[in-house]
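Take a look at the structure set out below.
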Amino acid sequence: MTAQPDIARRIRWGGAFLAFLGLLSGAAILFRFDPAAHGIYPFCVFYRTTGLLCPGCGSLRCLHHLLHGEWVDAVRYNPLLVASIPLLFWLGVRLVRIAIGKDVKPLVITPRWMWAGLAILAGFGILRNLPLAPMAWFHH
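Taking our numbering, the leading residue of the sequence shown gets 950, the next gets one more, and so forth.
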């Protein structure tokens, strides 16, 4: 009867490994190919249809600059993404710990946190499109 938990553990570790491998591959591609210079990346449908920046606009260029250690340029493309890195790191660690069975406490995101996140995204989306916003910090 110990074979069943062993198989489940191997599947969890395998899934975590594949996710890590996918993340590493994506980071390698993003490191090598600058989104500002190569057309292999997806475009923002919201920006293309409205001419307005969404909260995610500039994220690929931001991540490209972060991978090169260029923090100031990364902040210029998407300051919200740079500010959210500690939260995203914590969330990633929690998800990996849950996936490999090290953390049995489930990850619960309450509606209050969901609404707060939505409010932050909406506020940032509005702020970066105001004519008074310093364009050097919020450009596309």
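Glycine included, every Cβ here is placed at the ideal spot set by N, Cα and C.
query, result
"With 16 other Cβ atoms within 10 Å as the buried cut-off, status of P1060", "exposed"
"For L1044 and A986, the rounded distance between their alpha carbons", "33 Å"
"Proximity below 8 Å, CB of L1056 to CB of L1009", "no"
"For D983 and A977, the rounded distance between their alpha carbons", "11 Å"
"M950 versus R959 - alpha carbon distance", "Because M950 carries a pLDDT of 49, less than 50, the predicted location of this residue cannot be relied on, and the following value inherits that uncertainty. Roughly 15 Å between the two C-alpha positions."
"Residue from L1015, R1046 and R981 with nearest C-alpha to A968", "R1046"
"Span of the alpha helix (DSSP H) around H1014", "S1008 to L1016"
"Span separating the alpha-carbon of L1040 from that of L1002", "26 Å"
"Candidates Y1026, L1037, V1021 and I1049, of which the one nearest G1066 by Cα", "L1037"
"As assigned by DSSP and simplified to three states, the class of P1055", "coil"
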